[in-house]
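All remarks here apply to the structure that follows.
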Amino acid sequence: MKRTYISLLAVSVALMGGTAQADKWSDQFPHIKNTGDIAGECSYEAMSQKDYSGQKLTINTHAVPVMGEPTALHAEQFSALTGAEVNVIHTPAGDLYSKAMVPFQAGQAPYDIVFGFSNFIRDWKQYLEPVPAKYVNMAQMKDVTQSHIDVNTWDGEMIQFPIDGDRHYLKYRKDVIDNPEYQAKYKAETGNELRIPQTWKEYGEMAAFFNDWDWDNDGELEYGSAEVMKKDDLMFAAFFSRSVAYSKNPRVKGGFFFDLETMEPLINGPGFVEALGDWVEATKYVPPGGINFGLGDEINSFGGGQTLFSFSWDDAFVAAMQDDSPIKNKVGVAPLPGSNRVWNRDSDAWDDTYNQAPYIVWGWTAAVAKKSENHEMAFDYLCFFANDANHQADIAIGRFGVNPFKKSDFVADLYVERQGWDPEIAKQYADTLMEMEEGSTNRVFPLRVPGVFQFNSAIATGTAKALAGQLSPQEALDEVAAEWTKIVDRIGADTIREAYAKGVALEDAE
Amino acid sequence: MNFKHKYLFLLPGLLVLLGILIFPIGFTVRLSLSSWDSFYPALDFIGLDNYVRLFTDDKRFWEAFGRLSLLSLTTVFLQYVIGFSLALMVWKEIVFQRFFRVLFLIPMMTTPVIMTVIWRTFFHESLGPVNDLLSYFDVTPLWLSSELLAKFTVILVEVWQWTPFMFLLLLAGLLSLPKEPFLAASIDGAGPIRTFVYVTFPLMAPISIGAIIIRLIEASKIMDTVYVLTSGGPGTATETSSFYIFIKGLREFQFGYSAALSFTYLIIMIISLTIIAKILVKLMVRGN
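Given below as structure tokens:
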């Protein structure tokens with residue numbers, strides 16, 4: 000690990016060396032004004048040598064701003080540098096899968112590049128062009144963390160181009176948790192320490208304590224937690240984040256979502272039920288209407304200073320740390336809370352020991368359609384999108400949805416120098432993310448199996464019913480398990496096992 | 000003219016009809032007999048498996064259908080009552096008659112999805128202006144998070160959006176009514192209520208039935224309002240048949256099964272609306 004940090008420091012020094020000098024490219028493209036162009040295979044300088052005049056690139060990406068805005072911005076830059084005509088089509092998150100899948104299945108190629116979530120890979124892979132070796136072997140790619148290389152790879156072949164890195168972690172109001180006055184008040188009223196929550200139970204107790212009163216004296220009510228609870232809007236990821244501590248037992252191998260041997264769903268086991276019980280409790284300490292919060296609401300709520308806690312992707316934290324944020328340098332980062340017990344399905348009993356497990360929620364990715372007639376230009380665009388200068392600029396803008404996935408991203412000084420972050424917060428951020436990427440061996444990765452949307456949709460429906468009070472947590476998850484069993488039967492247990500085994504292998508690797 | 004020539008002239012029209020009406024329905028039926036999904040994109044033949052699954056193992060579809068019936072019947076009833084009232088109001092000469100006629104039509108001219116986004120912003124429970132105002136009275140209803148209120152909010156938005164359509168049809172009907180029955184009623188000394196009950200309403204019955212049926216057909220497809228406003232939540236409290244079919248088809252990519260849902264739904268709607276139309280004729284047309 001020490002060696003990793005030293006090499007990261009070296010990379011960061013090299014990167015920061017570039018920051019000192021503005022260059023001709025940053026004059027022309029103010030987006031990279033902090034770093035100027037950074038030398039590399041797909042730098043501004045390198046792209047300017049290409050000539051794609053008279054050629055057209057069509058990209059299907061997410062709606063503005065998350066991922067849609069950087070796609071459009073880099074398309075404009077790419078067009079200016081290479082002469083290519085780039086047509087960017089924006090699609091809501093829920094329709095990204097089908098908008099690409101329908102023409103894929105019909106044998107058409109209306110898009111050269113498709114953006115989507117990395118867990119689409121199993122369903123999409125046969126329609127995508129593998130990333131050519133020259134991109135896989137370039138220096139820019141060598142900087143990508145191993146877990147994000149794995150994300151984009153299937154059977155040893157890189158299918159998707161790494162453009163983003165995602166994981167769920169805890170965000171909290173540092174000015175409240177570290178406030179001696181509130182620490183004393185909390186101790187006096189509850190008998191417990193006010194600290195970064197170590198367990199989901201602590202998270203719930205603190206969130207409930209700081210719910211529905213004006214604890215930052217801004218004249219507005221504040222609340223305990225902002226979470227993605229809206230049905231069908233990535234809520235499955237929020238639920239799994241709450242489940243990992245109770246259900247991912249490092250002593251039990253062979254599957255988190257299914258028992259790999261039998262392909263029997265584990266989703267209604269006691270660990271998941273406990274987590275859903277906590278989540279139902281959370282409906283009492285989210286802002287009014289929090290049960291309908293999608294990702295955008297969560298970002299605005301925590302990023303706008305409305306809640307004490309939040310957990311999901313980087314975006315809410317980055318939004319909170321932007322220059323125009325009222326809570327810049329008042330927020331902290333920590334791993335997801337753990338639990339004081341974890342379910343052991345081998346012994347069919349709880350192990351009464353502290354457990355914590357990161358949930359690596361692989362995020363945005365992009366790929367080139369196999370039937371595209373512009374493979375080289377398409378890969379050049381993606382390579383340009385993720386070049387060091389663009390990447391450094393993109394990760395500083397919360398609404399872009401581009402988050403760290405390169406080893407050189409996990410160096411605190413970058414954020415202090417370029418974004419004005421408090422050094423302690425920057426270190427906390429870099430260390431937390433790095434630990435999740437390379438430190439933990441008890442990680443959970445999302446499902447990457449055929450029909451993944453059917454599984455996630457069943458989770459969304461079941462958990463939404465529990466959050467709305469229509470079913471108890473156990474009833475809701477029994478319903479989900481029954482639905483998952485039917486999906487496995489329809490698609491075929493062996494087919495799903497073959498794909499699921501690849502994720503389990505990553506989870507079980509020491 | 001030769002008998003065969005007659006068919007030759009009819010042929011282009013028949014081909015168009017076949018292309019735009021029969022083929023999509025036929026293809027949907029064929030698709031419903033296949034297992035086409037994200038993993039297996041092909042028109043295989045699995046017989047009636049999808050239909051068996053629907054009728055024996057899909058409670059959620061039938062719950063969604065029940066909810067749809069409640070929402071569509073309620074919204075169309077309210078649209079009819081309000082639309083008829085507004086039409087009666089601007090039927091006679093009143094001040095600013097033209098202004099009101101245009102004003103009442105504005106909601107229908109807006110884009111439903113955009114307006115629903117605006118309504119969602121209005122009703123956002125912690126950031127929206129409605130609860131901001133109501134908080135002065137210590138009331139902050141959970142417009143989108145309470146099962147009951149979420150249904151109410153969907154109904155409210157639908158009524159706001161589509162009452163003008165009902166208003167337009169009914170106003171057109173009122174303007175086309177013959178004057179003689181009203182003159183006769185006036186000579187007989189009938190007051191406004193009696194005139195409405197015994198003359199206006201019966202004369203308007205045919206067009207009322209037409210307007211109600213058209214709106215029921217549209218309301219039974221309610222999708223965008225639910226999608227934008229609540230995503231079918233909280234839980235499944237506002238999930239309607241169309242939204243459920245959308246989830247199965249375009250979210251879960253179960254094309255074969257969603258085709259079976261669509262076709263079944265089409266048959267149910269044809270039967271239901273025929274029955275409703277007959278009941279309305281019986282109730283509203285005098286002499287029946």
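Sequences listed follow chains A and B, in order.
With numbering that gives the first Met the number 0, you'll find the first sequence wraps up at 509, consecutive numbering, no jumps.
With numbering that gives the first Met the number 0, you'll find the second sequence wraps up at 287, consecutive numbering, no jumps.
Quick reminder that beta carbons are idealized off the backbone N, C-alpha and C, glycines included.
Query, Result
"Using a 10 Å radius around the Cβ and a threshold of 16 neighbouring Cβ atoms, would you call I24 (chain B) buried or exposed?", "exposed"
"Whose CA, out of B:P233, B:L279, B:T239 and B:K281, lies closest to the CA of A467 (chain A)?", "B:P233"
"To be precise: take each residue of the segment 227-251 of chain B, compare its Cβ to all Cβ atoms of chain A, and keep it if any distance is under 8 angstroms. Which residues remain?", "T229, S230, G231, G232, P233, G234, T235, A236, I246, L249, R250 and E251"
"Can you pull the chain B residues whose beta carbon is under 8 angstroms from the beta carbon of K464 (chain A), in chain order?", "G234 and T235"
"Since V279 (chain A) is in the alpha helix (DSSP H), which residue starts that stretch and which ends it?", "P269 to A281"
"Using the DSSP secondary-structure output, state which residues sit across from H61 (chain A) in a beta bridge.", "A:T90"
"Taking the straight line between their C-alpha atoms, what separation do you get for Q321 (chain A) and D313 (chain A)?", "12 angstroms"
"Pull up the distance between the alpha-carbon of A38 (chain A) and that of N389 (chain A), whole angstroms please.", "12 angstroms"
"What number of angstroms, rounded off, separates the C-alpha of I93 (chain B) from the C-alpha of I212 (chain B)?", "30 angstroms"
"Quick one: what does DSSP say A83 (chain A) is sitting in, helix, strand or coil?", "coil"
"Is G46 (chain B) helix, strand or coil by DSSP?", "coil"
"Can you give the Cα-Cα distance for W420 (chain A) and G400 (chain A), rounded to whole angstroms?", "19 angstroms"
"Are the C-beta atoms of T3 (chain A) and some chain B residue less than 9 angstroms apart?", "Because the pLDDT at T3 (chain A) is just 44, under 50, the model does not fix this residue reliably, and the point stays unresolved."
"Let me see if you follow: with CB-CB separation under 9 angstroms, is P179 (chain A) close to chain B or not?", "no"
"Strictly under 9 angstroms for the Cβ-Cβ distance: is D223 (chain B) near chain A by that measure?", "no"
"Between which two residues does the alpha helix (DSSP H) harbouring K426 (chain A) extend?", "P422 to M433"
"Taking the alpha carbon of W536 (chain A) as the point to measure from, which residue in A:A395, A:H73, A:C382 and A:V367 has its own alpha carbon closest?", "Residue 536 (chain A) falls outside the range modelled here, since chain A spans only 0 to 509, and no answer is possible."
"For L126 (chain B) and chain E, any beta-carbon pair shorter than 9 angstroms?", "Although the question refers to chain E, the structure presented lacks it and instead comprises the protein chains A and B."
"For I267 (chain B), count neighbouring C-beta atoms within 10 Å of its own C-beta (all shown protein chains included) and say buried if the count is 16 or more, exposed if not.", "exposed"
"Under 9 angstroms between beta-carbons, which chain B residues line up against D122 (chain A)? List them in chain order, please.", "S37, F38 and F252"
"Which residue comes first and which comes last in the beta strand (DSSP E) that contains K170 (chain A)?", "Y168 to R172"
"I need the DSSP call for L176 (chain B), collapsed to helix, strand or coil.", "coil"
"With DSSP as the reference, label G218 (chain A) as helix, strand or coil.", "coil"
"Quick one: list the residues of chain A neighbouring L141 (chain B), beta-carbon separation under 7 angstroms, in chain order.", "P287 and G288"
"How far does the beta strand (DSSP E) with F116 (chain A) in it reach, from first residue to last?", "I112 to F116"
"Pop quiz: S33 (chain B) and G255 (chain B) are said to be a contact at Cβ under 8 angstroms. What is the actual Cβ separation, rounded to whole angstroms?", "4 angstroms"
"Return yes when the Cβ of A274 (chain A) is within less than 9 angstroms of the Cβ of R241 (chain A), no when it is not.", "yes"
"Does any residue of chain A bring its CB to less than 9 angstroms from the CB of E146 (chain B)?", "yes"
"So what does D258 (chain A) bridge to, in DSSP terms?", "A:E263"
"Rounded to the nearest angstrom, what separates A315 (chain A) and G362 (chain A) at their Cα positions?", "15 angstroms"
"Does the beta-carbon of N136 (chain A) have 16 or more other beta-carbons within 10 angstroms, so that it is buried, or is it exposed?", "exposed"
"What distance in whole Å lies between the Cβ atoms of E437 (chain A) and T144 (chain A), which are believed to be in contact at a cut-off of 8 angstroms?", "7 angstroms"
"What is the rounded straight-line gap between the Cα of E75 (chain A) and the Cα of I148 (chain A)?", "27 angstroms"
"According to DSSP, is P403 (chain A) helix, strand or coil?", "coil"
"Rounded to the nearest angstrom, what separates F114 (chain A) and A356 (chain A) at their Cα positions?", "28 angstroms"
"Measure the Cβ-Cβ separation of P286 (chain A) and T261 (chain A) and say whether it is below 9 angstroms.", "no"
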